[in-house]
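For reference, the structure is listed below as structure tokens.
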Amino acid sequence: MTDARRNTAVTVVGCVVLLAVYALPLYWLLATSFKSLKDVFAGSAAIVFKPTLQAYIDVWNGGFATAAVNSVIIAVSTTVIVLVVAVPTSYGLARLNGAVVTGGLAALIVLQMVPATSTLIPLNRLLAQWGLIGNLYGVAIAIAATNLPFSMLLLRPFFTGVPIAVEEAAASDGASRWQRFVKIVLPITRNGIATVATLTFIGAWGEFLYAITFLSDPGQYPVSALLAQQMSSYGVNWPGLMAVSVLVSVPTVLIYLFGQRLLVGGITMGSVR
Numbered sequence: 316m317t318d319a320r321r322n323t324a325v326t327v328v329g330c331v332v333l334l335a336v337y338a339l340p341l342y343w344l345l346a347t348s349f350k351s352l353k354d355v356f357a358g359s360a361a362i363v364f365k366p367t368l369q370a371y372i373d374v375w376n377g378g379f380a381t382a383a384v385n386s387v388i389i390a391v392s393t394t395v396i397v398l399v400v401a402v403p404t405s406y407g408l409a410r411l412n413g414a415v416v417t418g419g420l421a422a423l424i425v426l427q428m429v430p431a432t433s434t435l436i437p438l439n440r441l442l443a444q445w446g447l448i449g450n451l452y453g454v455a456i457a458i459a460a461t462n463l464p465f466s467m468l469l470l471r472p473f474f475t476g477v478p479i480a481v482e483e484a485a486a487s488d489g490a491s492r493w494q495r496f497v498k499i500v501l502p503i504t505r506n507g508i509a510t511v512a513t514l515t516f517i518g519a520w521g522e523f524l525y526a527i528t529f530l531s532d533p534g535q536y537p538v539s540a541l542l543a544q545q546m547s548s549y550g551v552n553w554p555g556l557m558a559v560s561v562l563v564s565v566p567t568v569l570i571y572l573f574g575q576r577l578l579v580g581g582i583t584m585g586s587v588r
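Counting along the sequence shown from 1, when you hit position 258 you're at 573 in my numbering, and nothing is skipped either side.
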């Protein structure tokens, strides 16, 4: 066997192994969601079984539609808050220089490393003062607060890459700072903004900790909380757990499939510049 064929064989075997590592858990997830609880614990039904939609029916009747709406409200609100705050702030950090900006960037890096659990008590007190405990928008504010440091750090290089000469030329033509920002800077940095919006939405869609902490009414819980409801002291409802996992993953998978190039390019450009 020549070296070329040997290398090809090794590559093929490696690809097959990697495919199996990633595909088998996905197959197990999908297959379990179409099994009955009896088939889950039957060894003979590991591969061959009678598919059923009962788990999906039970999950839907258990309030999945309401939870999905709650998740959409939280995710969209979080994304809007992050963009409204992070975009102009990142632009300011990109255009200003000095010790204040350096200190601000250092603070953002430190804040990004703060564990979410350590923010529960301060955020709880703050939201209670604002009357937002038990409110979906309160959860969105909490999630946005923890996402802002990363979003600003990711956005700043995009604004830094916009030549100041372009803005100066527009200013010489009579454009105000607001007009330069809206008509010149934002269109140039739209890929970075879209990347931050996508990552924020995906993160808020699957948020669990803040949702169960700041929401007391189970009717307000997002889809991530339905995953925990499939586990109790009596055991785990494996078909229901897998069915919820599949349904929760659908929006994330679709967003990734349609925005894969944007996400990879945006993150790469934001980290390299």
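Glycine included, every Cβ here is placed at the ideal spot set by N, Cα and C.
C-alpha gap between residue i and residue j, whole angstroms
i           : j           : result
residue 444 : residue 436 : 12 Å
residue 353 : residue 465 : 45 Å
residue 489 : residue 386 : 44 Å
residue 453 : residue 343 : 37 Å
residue 491 : residue 481 : 13 Å
residue 335 : residue 467 : 38 Å
residue 541 : residue 441 : 27 Å
residue 585 : residue 477 : At residue 585, the pLDDT of 48 sits below 50, so the modelled position is not reliable; the number obtained from the coordinates is stated separately. About 13 Å.
residue 430 : residue 487 : 47 Å
residue 536 : residue 514 : 21 Å
residue 479 : residue 547 : 58 Å
Three-state class that DSSP yields for residue i in the structure shown
i           : result
residue 551 : strand
residue 428 : coil
residue 282 : Any answer about residue 282 is impossible in this case: the structure gives the chain only from 316 up to 588.
residue 504 : coil
residue 466 : helix
residue 477 : coil
residue 367 : coil
residue 587 : Confidence is the limiting factor: at residue 587 the pLDDT is only 47, short of 50, which leaves the residue's position unreliable and the question unanswerable from this model.
residue 443 : helix
residue 449 : coil
residue 323 : helix
residue 573 : helix
residue 376 : helix
Counterpart residues of residue i in DSSP-defined beta bridges
i           : result
residue 546 : 551
Under 7 Å between C-beta atoms of residue i and residue j
i           : j           : result
residue 485 : residue 508 : no
residue 426 : residue 471 : no
residue 450 : residue 397 : no
residue 350 : residue 554 : yes
residue 519 : residue 389 : yes
residue 511 : residue 569 : no
residue 559 : residue 355 : no
residue 394 : residue 516 : yes
Interface flag, residue i vs chain B, CB-CB below 7 Å
i           : result
residue 492 : No chain B appears in the structure shown, which is made up of a single protein chain.
Residue i beta carbon near the ligand ATP (any heavy atom closer than 6 Å)
i           : result
residue 462 : In terms of ligand content, the structure shown is empty, and the ligand ATP therefore cannot be addressed.
Between the segment 513-527 and the segment 560-576, do at least 3 Cβ pairs fall closer than 8 Å?
-> Counting Cβ pairs under 8 Å, three or more are found: they touch.
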